[in-house]
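Numbering (my numbering), first residue to last: 495 to 800. Written out below as structure tokens is the structure these notes cover.
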């Protein structure tokens, strides 16, 4: 059963109690006195007791009205406090921002940006989960996640694509010096391959030459779910790895690693920020998205290694 003690009714009751005059209260509320009087009578009728004694030239509180007044004032005060708290969140980004980050990309591409983000938004507290495991944002109550690869919409999620990162087949010069030549994709079958096991395509490397796409089955000599370990294995001469630019851009520039089959580059990886699909995006989440978009205008680390 809905309560008759609405915010409007309590506000009007308190105004009459404060002024002890329907005329002055109506003026303060910008109402016609007859409208205010009718509303107070309707409130009294719904409560089943009079709240005011009406005299010719004055108004006084009844015992019931005097009992209701402090509670009404307290409720209106608490409501004003609640509105002020929520207004802070709409006026400037505040609160705890819970982010799920992939391990390697989070450490290399996101971590160096966090100090600047916190300086730009001191009202936001960061809580990070760094893992390559799939995290259910809604069930685990995360505000957003950075994901690399293909985003499948639905499941109560929305996403914005932030960047495209090139990927490379690469190996150490010492490995290539002792291994068979690699001139076409089929030559990879003769080599020690280092494979990132979480790839959604499975043990397959998809390479592109202009508009032509080639799929190479992979029987890895080393498979790992950590790309940093695969990079190190490639640097140590263990074989050919398929790695993202953010991991190997400096290695390629310094020629500690050499690109293999540059005419058949792997398909680039897409970087997404994923967040729950809600009518209003929290300002703290919006602030982080806008920050990454601004910082990655030219692409994130490893977007340009040529």
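We put the beta carbon where it would ideally sit given N, CA and C, even for glycine.
For residue i, three-class secondary structure by DSSP
| i | result |
| --- | --- |
| residue 747 | helix |
| residue 662 | strand |
| residue 711 | strand |
| residue 604 | helix |
| residue 590 | strand |
| residue 800 | Low local confidence applies: a pLDDT of 39 at residue 800 is under 50, so the model's placement there is unreliable, and no value is given. |
| residue 499 | coil |
| residue 560 | helix |
| residue 773 | coil |
| residue 676 | coil |
| residue 644 | coil |
| residue 510 | helix |
| residue 580 | helix |
Counted within 10 angstroms of its Cβ, other Cβ atoms place residue i as buried (16 or more) or exposed
| i | result |
| --- | --- |
| residue 526 | exposed |
| residue 657 | buried |
| residue 689 | buried |
| residue 514 | exposed |
| residue 557 | exposed |
| residue 575 | exposed |
| residue 573 | exposed |
| residue 506 | buried |
| residue 798 | Bear in mind that the predicted position of residue 798 carries a pLDDT of just 48, short of 50, making it too unreliable to give a figure here. |
| residue 712 | buried |
| residue 786 | buried |
| residue 594 | buried |
| residue 742 | buried |
Beta-bridge partners of residue i, as assigned by DSSP
| i | result |
| --- | --- |
| residue 718 | 690 |
| residue 653 | 768 |
| residue 546 | 555 |
Inter-residue CB distance, residue i and residue j (contact presumed, cutoff 8 Å)
| i | j | result |
| --- | --- | --- |
| residue 626 | residue 596 | 6 Å |
| residue 782 | residue 636 | Contact flag wrong, Cβ pair sits at about 12 Å. |
Cβ pair residue i, residue j closer than 8 Å
| i | j | result |
| --- | --- | --- |
| residue 697 | residue 736 | no |
| residue 537 | residue 503 | yes |
| residue 599 | residue 768 | no |
| residue 692 | residue 681 | no |
| residue 469 | residue 728 | Residue coverage of the chain in this structure runs from 495 to 800, which leaves residue 469 outside it and unanswerable. |
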